[in-house]
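Peer 1:
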Amino acid sequence: MLDVEFHHVSKMYRIRKDNHPTGFYDRVVHAVRPPSTVFWALQDVSFSVERGEALGIIGQNGAGKSTVLKLLSNITTPSSGEIRIRGRIALLLEVGSGFHPELTGRENVFLSGSILGMRRAEIARKMELIIDFAEIRDFIDVPVKRYSSGMYVRLGFAIAAHLEADILLLDEVLAVGDAAFQRKCLERAADMRRAGKTIIFISHDLRAVEQLCDRVILMSHGEIVTDGLPEDVIHSYHQQTLQLVQ
Amino acid sequence: MALNSVAFGEPTRRTKVLTAPSFSVGAIVRHAIELFAYRDLLYTLTLHRFSVRYKQSLLGPAWAVVQPLSLMAIYTIIFSLFTRIPTNGLPYAVFVYSALLLWTFFSTAVTTSANSLVSHTQLISKVYFPREILPITYVNAALVDLLIASLILGCLMAYYRVHVTSNLLYVIPIVLLAVVFTTAASLLVAAIQVRFRDIGLAMPLLLQLWMFASPVVYPLSAVPPRFKAVYLLNPMAGIIEDFRRALLQGAAPEPGTLRNAIIISCIALPLAYAWFKNREATMVDVI
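If you read the sequences in order, they're chains W and S.
Once you know that position 67 of the first sequence is 262 in the working numbering, the rest is easy, because the numbers rise by one and skip nothing.
Once you know that position 10 of the second sequence is 26 in the working numbering, the rest is easy, because the numbers rise by one and skip nothing.
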């Protein structure tokens with residue numbers, strides 16, 4: 196059973212040139228049809244993820260990893276091709292981005308949880324679990340603008356980690372927070388894997404990728420270069436990096 | 017974006033198909049179904065509008081009344097003291113306040129919606145949810161303001177002993193119609209603002225002109241008959257006039273005045289929604 200399928204997916208961005216014409220007529224033409232160059236962030240990318248599989252995606256900056264993530268989480272749509280997703284996706288990308296500083300932790304759990312697609316009843320039921328996971332019981336009724344950045348991240352992750360999802364999308368989130376919390380996050384991801392969830396992990400942290408994933412895709416310039424076992428792919432990634440350095 | 021949900025294998029898992037955006041009736045229906053699935057977010061964010069707006073404010077929700085009430089005061093002074101505008105025998109204060117109630121709802125909703133997407137760039141570039149929820153929460157918030165402000169209207173009507181008949185009930189469908197038209201306008205300006213910030217800049221002027229093109233400070237009967245057909249192309253004209261008729265004169269709406277408003281609103285909403293969803297697909301790339 197395939198949980199995620201990419202069929203010949205391409206994503207094109209128009210990069211606008213920021214020259215500012217002066218005359219009114221030129222400005223109107225400029226606004227309606229801005230001079231732009233076309234940039235293909237993804238070109239004809241096809242891959243699929245089996246149910247219960249943990250897939251890592253690695254690559255240099257600008258390789259197209261973030262575009263894959265944005266497409267998977269439906270933040271933007273492909274220019275051509277088709278993506279099929281079977282089940283509910285939980286996204287752990289820059290946790291806490293749905294927080295409002297003036298609201299308390301508890302209010303933000305409702306806000307952020309609803310943004311992530313949880314029902315209010317579901318959030319209320321999980322509130323205690325979330326507070327415990329985030330380890331901020333004493334501060335849950337304090338506005339989050341008074342939180343330390345660590346507390347902020349912990350609460351954000353705790354909400355996302357309690358989503359009832361079939362597919363888990365992990366970004367560099369794990370890079371924030373202290374070592375103990377990072378370990379906790381990875382453990383949580385491993386737990387979800389054992390529970391049969393599908394995981395897609397996009398990261399620069401090769402050690403974490405190797406630890407968590409059973410298959411890795413290496414991307415470069417919007418295309419898939421290698422697809423295979425973690426140690427093999429990470430090896431070719433190292434070689435690619437070496438070539439770039441030399 | 018084309019978002020296709022079909023049951024697949026297990027009953028609990030749905031397959032989502034993401035492709036390049038396209039226009040179709042089926043797509044609009046699917047978007048509406050998806051919006052319904054997110055109703056809790058709509059509720060939470062609407063509450064959020066209030067809890068944030070009134071943080072560190074003394075008067076709190078009373079601010080909902082301040083705008084129509086102060087406009088009422090100034091217009092009443094000008095149009096019943098300095099110069100007289102015929103009001104079919106109604107006290108000018110209650111005449112203008114009833115119209116200002118609906119007008120304030122419309123203009124507040126459209127103005128705040130215009131910035132709804134741009135001011136949430138952080139959020140919409142990080143996580144997906146149906147983006148129309150943002151402008152709609154501002155329409156909802158304006159609607160709650162309308163309900164709060166109508167408490168004052170009740171007091172004014174009691175004070176001036178306005179005779180009320182069962183035709184008062186027409187107010188409910190008329191307000192609904194106003195909500196439909198306002199939502200359409202809000203979706204439209206919100207989506208345009210993402211690409212062209214001019215719309216937000218033009219909004220105050222545009223709304224001021226629009227208010228004087230609607231029977232707010234004067235009655236519809238003051239419009240010369242030969243202009244009436246053109247005048248009633250403005251849906252807010254029929255809506256405001258018939259709202260006031262039902263409320264203050266105990267009369268049923270005139271089909272002639274409301275017809276345009278109904279036709280335009282019912283066409284505008286699905287069109288604006290379809291266009292909004294089409295823009296939404298790549299909104300993040302241009303915002």
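Ideal Cβ placement from N, Cα and C applies to all residues, glycine included.
Since we're looking at a predicted model, the values are computed, not measured.
Just the C-alpha distance for S:P286 and S:P235, rounded to the nearest angstrom, thanks.
Peer 2: 31 Å
Peer 1: Using the Cα positions of S:S132 and S:M173, report the straight-line distance between them to the nearest angstrom.
Peer 2: S:S132 and S:M173 have their C-alpha atoms spaced approximately 35 Å apart.
Peer 1: Here's the rule I'm using: 16 or more other beta-carbon atoms within 10 Å means buried, otherwise exposed. How should W:K260 be labelled?
Peer 2: buried
Peer 1: Following the continuous beta strand (DSSP E) through W:H295, name the residue where it begins and the one where it ends.
Peer 2: That residue, W:H295, is in no beta strand (DSSP E); it is neither H nor E in DSSP.
Peer 1: Under 7 Å between beta-carbons, which chain S residues line up against W:S261? List them in chain order, please.
Peer 2: Neighbours of W:S261 on chain S: none; closest Cβ ~11 Å, over 7 Å.
Peer 1: Short check: CB of S:L204 to CB of S:F145, under 8 Å?
Peer 2: no
Peer 1: Mind checking the stretch 264-288 of chain W against chain S and listing, in chain order, the residues whose C-beta falls within less than 9 Å of any C-beta there?
Peer 2: K265, L266, L267, S268, N269, I270, T271, T272, P273, S274, S275, G276, E277, I278, R279, I280, R281, G282, R283, I284, L286 and L288
Peer 1: Measure the C-alpha to C-alpha separation of W:R314 and W:P230 and round it to an integer number of angstroms.
Peer 2: Using only the alpha carbons, I get a separation of about 44 Å.
Peer 1: Is the Cβ of S:S237 closer than 8 Å to any Cβ of chain W?
Peer 2: With 8 Å as the cut-off, S:S237 does not count as an interface residue toward chain W.
Peer 1: Indicate the three-state DSSP secondary structure (helix, strand or coil) for S:P84 in the structure shown.
Peer 2: helix
Peer 1: Can the beta-carbon of S:V196 be found closer than 8 Å to that of S:S281?
Peer 2: yes
Peer 1: Taking 8 Å as the threshold (C-beta atoms), are W:V204 and W:V244 in contact?
Peer 2: No, they are not a contact pair.
Peer 1: Answer yes or no: does any C-beta atom of chain W fall closer than 8 Å to that of S:T35?
Peer 2: yes
Peer 1: Can you tell me where the beta strand (DSSP E) with W:M207 in it begins and where it stops?
Peer 2: L197 to R211
Peer 1: Three or more C-beta pairs under 8 Å: does that hold for the stretch 120-136 of chain S against the stretch 94-101 of chain S?
Peer 2: no
Peer 1: Going by DSSP in three states, S:T103 sits in which element: helix, strand or coil?
Peer 2: S:T103 falls in the coil class under three-state DSSP.
Peer 1: In chain order, what residues of the same chain lie with their CB nearer than 8 Å to the CB of W:D336, ignoring the 5 residues before and after it?
Peer 2: T299, G300 and R301
Peer 1: Looking at the C-beta of W:R228, does it have a partner C-beta in chain S at a distance below 8 Å?
Peer 2: no
Peer 1: Please report the straight-line C-alpha distance between W:A353 and W:A285, rounded to a whole angstrom.
Peer 2: Spanning the two alpha carbons is a distance of roughly 12 Å.
Peer 1: Checking contacts by CB at 8 Å: is W:I326 closer than that to chain S?
Peer 2: For W:I326, no Cβ of chain S is located within less than 8 Å of the residue's own Cβ.
Peer 1: I want to verify the contact list: residues of chain S whose CB lies under 7 Å from the CB of W:E297, in sequence order.
Peer 2: V68 and K71
Peer 1: Hey, how far is the Cα of W:F305 from the Cα of S:V45?
Peer 2: 28 Å
Peer 1: So if I threshold CB-CB distances at 8 Å, which residues from the stretch 137-169 of chain S count as touching chain W?
Peer 2: Per Cβ criterion, the list reads Q138, L139, I140, S141, K142, V143, Y144 and F145.
Peer 1: Measuring only between beta-carbons, confirm whether W:R315 sits less than 8 Å from chain S.
Peer 2: yes
Peer 1: Between W:Y342 and chain S, is any beta-carbon pair separated by less than 8 Å?
Peer 2: no
Peer 1: Look at the Cβ atom of W:F201, then the Cβ atom of W:D422, and state whether they are nearer than 8 Å.
Peer 2: no
Peer 1: Is there contact between the stretch 174-181 of chain S and the stretch 107-116 of chain S, where contact requires at least three CB pairs shorter than 8 Å?
Peer 2: yes
Peer 1: On a CA-only basis, which of W:T271, W:N256, W:D361 and W:R378 is nearest S:R30? Give me that one, please.
Peer 2: W:D361
Peer 1: With DSSP as the reference, label W:Q435 as helix, strand or coil.
Peer 2: In this structure, W:Q435 counts as helix in the three-state DSSP scheme.
Peer 1: Less than 8 Å between CB atoms is the rule here; does W:L311 satisfy it with respect to chain S?
Peer 2: Chain S, which has a Cβ nearer than 8 Å to the Cβ of W:L311, makes this yes.
Peer 1: Kindly say whether W:Y347, judged by its beta-carbon, lies nearer than 8 Å to any beta-carbon of chain S.
Peer 2: It does not; no Cβ of chain S falls within 8 Å.
Peer 1: Does the beta carbon of S:K293 come closer than 8 Å to any beta carbon on chain W?
Peer 2: No, S:K293 lies away from the interface with chain W (no Cβ there is under 8 Å from its Cβ).
Peer 1: Which residues share a DSSP beta bridge with W:A285?
Peer 2: W:L363
Peer 1: Can you tell me which residues form a DSSP beta bridge with W:F234?
Peer 2: W:Y208
Peer 1: Does any C-beta atom of chain W lie closer than 8 Å to the C-beta of S:R29?
Peer 2: yes
Peer 1: Relative to the alpha-carbon of S:R65, which residue among S:A158, S:V82, S:L118 and S:S40 has its alpha-carbon at the smallest distance?
Peer 2: S:A158
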